[in-house]
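Below is one structure, written out as structure tokens; comments come after it.
Residue numbers (the UniProt record's numbering), protein chains in the order written: chain U, 1 to 410; chain Y, 1 to 68.
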């Protein structure tokens with residue numbers, strides 16, 4: 001099997017179903033029985049491949065993890081309750097008080113909040129660099145840096161960094177490169193091939209098949225020697241390349257309890273089967289809408305890496321197989337004009353989410369970034385005039401009609 | 001020869017290597033297992049060249065879920 005969709009649909013089943021079910025059943029149970037005291041002892045010690053408790057592992061979740069492993073080409077996968085759970089669990093696995101991480105000011109608002117408001121009080125230092133300037137990133141890495149974190153296409157700035165260039169720097173410095181690839185998924189971007197060490201996905205978005213369920217994924221690509229990571233070095237000497245995923249499974253993830261529900265794992269496995277089709281349609285629609293908005297006189301600026309006029313177009317072309325993703329952001333002349341557009345749409349939903357089957361529109365400055373000061377919002381490049389449009393898989397003509405009539409209200 | 005595998009006595013032909021033990025023990029998806037001999041981790045590339053000796057303690061470690 002070579003193609004993504006073929007693998008997603010026919011990918012090797014990890015374990016055969018007792019009744020030959022073509023779909024992995026939903027094991028909606030908490031606990032699993034063992035035949036003896038010895039058997040359960042071995043299972044708890046990791047010396048027998050058996051599920052014990054769904055907060056730690058479950059057959060339906062394991063099946064989803066194996067599908068993600070096959071599709072991403074990664075070495076090991078852990079599924080969690082959300083994308084934010086994936087980020088927080090990973091940072092708590094690699095960092096500790098007195099250490100730092102290097103990231104961008106252009107991040108999802110909740111990720112910034114996690115770093116600044118939730119983890120800083122525990123002693124984590126957060127250093128900000130322009131990820132499109134690898135030399136600046138390199139200058140901020142020191143002996144206490146535990147990871148470099150960025151998003152593949154920043155939202156809502158729609159910025160794209162050169163991942164191979166960043167990977168060369170982080171590997172030279174002995175620090176893992178962590179990438180949030182939610183908006184590309186392995187359909188558009190195989191992070192392993194670009195030197196990313198760990199990829200994080202909010203599987204709530206494209207993967208869930210149309211905003212059916214919340215979930216997250218951590219993919220260890222197997223590129224990084226965890227003996228170089230101070231918190232994992234001893235474990236890596238004892239158990240090898242699985243040190244990070246094992247530490248999550250047997251410690252951080254287990255203790256924090258951010259497990260994926262088996263029912264959500266089932267829905268997300270189902271979503272994987274149509275992922276390739278939906279991403280292609282969403283990206284095609286997004287490019288057409290970006291071009292439409294760029295030609296609209298009332299629109300001041302359009303940010304979309306798939307546009308030939310985008311400063312990130314060349315990188316998007318080379319890294320994402322010619323696609324630009326399914327999110328477009330654009331600026332109007334004023335906040336009032338932006339609100340009129342949002343109030344003026346009919347078909348497009350006023351809602352927060354990205355990469356749903358439905359197109360959605362939102363004003364980032366007053367919603368996702370509402371906890372930040374005007375100065376911080378400017379630093380994050382989230383101006384009051386900005387609108388974010390997450391483009392779904394509807395028929396293009398209907399989307400253009402909706403935006404046309406909304407623009408007429410301005 | 002006799003070995004201790006995940007805490008239990010196992011008999012294996014003398015001179016066998018780690019790959020032979022994995023096969024004999026019918027380890028499901030050996031690619032997903034971390035192996036220790038006498039507490040020392042063994043790289044996958046070294047399974048064929050890792051001889052076993054009388055009394056060795058071998059542990060197969062599983063991290064249930066999407067490993068390897």
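Note that beta-carbon positions come from the ideal geometry of N, C-alpha and C, so glycine has one too.
With a threshold of 16 other beta carbon atoms within 10 Å, residue 314 of chain U falls short and is exposed. For the region 4-20 of chain Y, the set of residues with a beta-carbon nearer than 8 Å to any beta-carbon of chain U comprises 6, 7, in chain order. Per DSSP, reduced to three states, the secondary structure at residue 238 of chain U is helical.
For the C-beta of residue 61 of chain Y, the chain U residues within less than 7 Å are, from N- to C-terminus, 46, 47, 239. For a Cβ distance threshold of 8 Å, nothing in chain Y lies close to residue 139 of chain U: the least Cβ distance comes to about 35 Å.
DSSP places residue 337 of chain U within a helical segment (H, G or I) once states are collapsed to three. Cβ-Cβ distances below 7 Å link residue 206 of chain U to 185, 275, 278, 279, 355 in the same chain, with the five nearest sequence neighbours on each side left out; the list follows chain order.
Counting along the chain, the unbroken beta strand (DSSP E) around residue 60 of chain Y starts and ends at 57-62. Per DSSP, residue 7 of chain U is not a residue of any beta strand (DSSP E); the alpha helix (DSSP H) it occupies stretches across 4-10.
Contact annotation: residue 330 of chain U and residue 293 of chain U have beta-carbon atoms nearer than 7 Å. When the beta-carbon positions are compared, residue 153 of chain U and residue 102 of chain U stay at least 7 Å from each other.
Inter-residue distance for residue 290 of chain U and residue 328 of chain U is about 6 Å (C-alpha atoms, whole angstroms). Contact with chain Y is found for residue 242 of chain U, since one of that chain's Cβ atoms lies less than 7 Å from the residue's Cβ.
Residue contact with chain U for residue 57 of chain Y: absent (no Cβ-Cβ distance below 7 Å to any residue of chain U). At a cut-off of 7 Å between C-beta atoms, residue 48 of chain Y does not count as an interface residue with respect to chain U.
Inside the region 160-211 of chain U, DSSP marks whole alpha helix (DSSP H) runs of 4 or more residues at positions 163-173, 185-188, from first to last along the chain. Membership of residue 111 of chain U in any beta strand (DSSP E) is not indicated; the residue belongs instead to the alpha helix (DSSP H) covering 109-113.
Three or more pairs of CB atoms, one per stretch, sit closer than 8 Å, so the region 13-24 of chain Y contacts the region 40-58 of chain Y.
Residue range 83-94 is occupied by the alpha helix (DSSP H) that includes residue 91 of chain U. One finds 238, 239 in chain U with Cβ atoms closer than 8 Å to the Cβ of residue 36 of chain Y, taken in chain order. For residue 1 of chain Y, no CB of chain U lies under 7 Å from its own CB, so it is not counted at the interface with that chain. Fewer than three beta-carbon pairs drawn from the region 154-172 of chain U and the region 200-216 of chain U are found closer than 8 Å, and the two stretches are therefore not classed as touching.
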